[in-house]
Amino acid sequence: MPIQWFPGHMASARKKAAEAMAMTDVVIEVTDARLPEASSNPMIGELRRFRNRPCLKLLNKSDLADPEVTRAWMDFYNAQPGVRAVAISAKNPAEVARIPALCGQLAPHRDDGVKPLRMMIMGIPNVGKSTLMNALLKRKVAKVGDEPAVTKHQQTLDLGPGMTLTDTPGMMWPKIAHDADGYMLAASHAIGRNAVIDEEVAAFLGEILLARYPDRLSARYRLEAAALAAMDGPALIEAVGRRRGCLVKGGGLDLEKAALILLQEYRDGALGRISLETPATRACMIADAQAAAQAAQEEDAEPAQGEADEGGDGGNGGGDGD
Ligand code: G4P
531 MPIQWFPGHM ASARKKAAEA MAMTDVVIEV TDARLPEASS NPMIGELRRF RNRPCLKLLN
591 KSDLADPEVT RAWMDFYNAQ PGVRAVAISA KNPAEVARIP ALCGQLAPHR DDGVKPLRMM
651 IMGIPNVGKS TLMNALLKRK VAKVGDEPAV TKHQQTLDLG PGMTLTDTPG MMWPKIAHDA
711 DGYMLAASHA IGRNAVIDEE VAAFLGEILL ARYPDRLSAR YRLEAAALAA MDGPALIEAV
771 GRRRGCLVKG GGLDLEKAAL ILLQEYRDGA LGRISLETPA TRACMIADAQ AAAQAAQEED
831 AEPAQGEADE GGDGGNGGGD GD
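Following this line, the structure appears as structure tokens:
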């Protein structure tokens, strides 16, 4: 199920972000700690690297993510040049308060008491940019728009002496390369319900939970380990539906309702702290995608080879005639 995303404002938001990047010292990229790569818009990295700007990578909502996996992601990002990764919860003021000092460390040349430190918050929709902005400013500021109808594109505010903070709208990108990324984004509610089907998304989430967090499923839905071991994603949705009495008229299972329960309980953290991807699963996914692309390329090349053989046969035929 390829997921494509064409918000009307995207091209203009990108242009404005590129312009703002020129006047930024540190990019604060907010991602969802449960899916840090899937929730990272590749355009943000491109724009940042083009201008050679350092990045404070915030793995937000870390209160909902698996702490061990988050540690692995921090090591992964901290090994990248110009990147400093921090796991936070934007809802926790003490964690947010560390951010300006961390940005200052990434741009020591601005620490001269003359030039202000200019920070810019970027990220896809729903990762917690507004929550972070409000926590940094210690007051509620109007949200810049993720929706095409909202005209407010950017705002720059003073963040105490010698520091400014620019807020940008949530930016998605035109085509999500890996289906799994689309599912992870949908499961975590970064992509709206109109883009994907809940049951498909819940089945994808179910496969991850069955593979990596069966104990949570056991505890939450009182399902035996042996039964879980025999299930796939759709079977898990059915089991959740039976447990929670999701029935349609006539007594059949309301699978859509069951799917929504599974999704909501993951989103709320009711299933515990869960991460949808790890550096290792991501590396595997990319290797598999590359192998599949290579195989497809080879398959495409084969008929051409066949045609060449046919041509060769013709030549041989001519030779035979000699
Ligand atoms: P955005 O600007 O990037 O679009 O995201 P926004 O701050 O609006 O946050 C999206 C949702 O994520 C909000 O939930 C917000 O409360 C929640 N959120 C943000 N940061 C964190 C965090 O660190 N931990 C947790 N657990 N949740 C976080 P909502 O349901 O839309 O609103 P609300 O009812 O929570 O206010």
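Its first residue numbered 531, the sequence shown is counted upward by one per residue in the working numbering. Virtual Cβ for every residue (Gly too), placed ideally from N, Cα, C. Predicted, not measured: the structure shown is a model, and the values here were computed from it.
- Excluding the 5 residues flanking it on each side, Leu753 has same chain C-beta neighbours closer than 7 Å at Leu747, Ala769, in chain order.
- Sequence-distant Cβ neighbours of Ala788 in its own chain, meaning closer than 6 Å and more than five residues away, are Ile767, Val770, Gly771, Cys776.
- In the DSSP assignment, Ala617 forms a beta bridge with Leu589.
- Each residue's CA atom was taken as its position, placing Leu695 and Ile651 some 7 Å apart.
- In the structure shown, Val560 adopts extended strand secondary structure according to DSSP, grouped into three states.
- Only residues of its own chain outside the window of five on either side were considered, and among them Val560, Thr561, Asp562, Ser569, Asn590, Lys591, Gly700, Ala720 have a CB closer than 8 Å to the CB of Val657, listed in chain order.
- According to DSSP, Gln685 shares a beta bridge with Asp697.
- When DSSP reads this structure, Met652 sits in a beta bridge with Glu559.
- Runs of the alpha helix (DSSP H) spanning 4 or more residues and lying entirely within the segment 743 to 816 occur at 744 to 751, 755 to 759, 763 to 773, 785 to 797, in chain order.
- Sorting Lys545, Ala631, Ser718 by C-alpha distance to the C-alpha of Asp798 places Ser718 at the top.
- The Cβ atoms of Asn571 and Trp703 lie closer than 8 Å to each other.
- Under the DSSP assignment, Pro572 falls in the alpha helix (DSSP H) whose first and last residues are 572 to 581.
- Counting only residues of its own chain and dropping the five nearest sequence neighbours on each side, Lys670 has a CB closer than 7 Å to the CB of Asn664.
- Considering only Ala541, Lys545, Asp596, Met573, the residue with the shortest C-alpha distance to Thr808 is Asp596.
- The alpha carbon of Gln610 has as its nearest neighbour, out of Lys645, Asp697, Pro584, the alpha carbon of Pro584.
- Spanning the alpha carbons of Ala741 and Arg812 requires a straight line of approximately 15 Å.
- Gly763 counts as buried, since at least 16 other C-beta atoms from the protein chains shown sit within 10 angstroms of its C-beta.
- Apart from the 5 residues on each side of it in sequence, Leu689 sits with its Cβ closer than 8 Å to the Cβ of Pro630, Met649, Leu666, Leu667, Leu695 in its chain, given in chain order.
- In the DSSP assignment, Leu636 is bridged to no other residue.
- The closest CA to that of Asp728, considering only Gly653, Gln684, Ala627, Asp784, is found on Asp784.
- Sequence-distant partners of Met604 (beyond 5 residues in either direction) whose C-beta falls short of 8 Å from its own C-beta, in its chain, are Leu589, Ala615, Val616, Ala617.
- Here DSSP, grouped into helix, strand and coil, assigns Leu647 to strand.
- Cα atoms of Ser805 and Pro566: separation of roughly 9 Å, rounded to the nearest angstrom.
- By the C-beta density criterion, Cys814 is exposed, having fewer than 16 other C-beta atoms within 10 angstroms.
- One alpha carbon belongs to Met553, the other to Pro623, and they sit about 27 Å apart.
- Annotated as distal: Lys546 and Gln635, with beta-carbon spacing of 8 Å or more.
- For a cut-off of 8 Å, the C-beta gap from Ala716 to Val731 is around 4 Å, short enough to register as a contact.
- The C-alpha of Phe580 lies about 16 Å from the C-alpha of Leu586.
- In this structure, Gly700 has its CB closer than 7 Å to one or more heavy atoms of the ligand G4P.
- Apart from sequence neighbours up to five positions away, no residue of its chain approaches Ala800 with a beta-carbon distance below 6 Å.
- Annotation for Ala620 indicates a beta carbon within 7 Å of some heavy atom of the ligand G4P.
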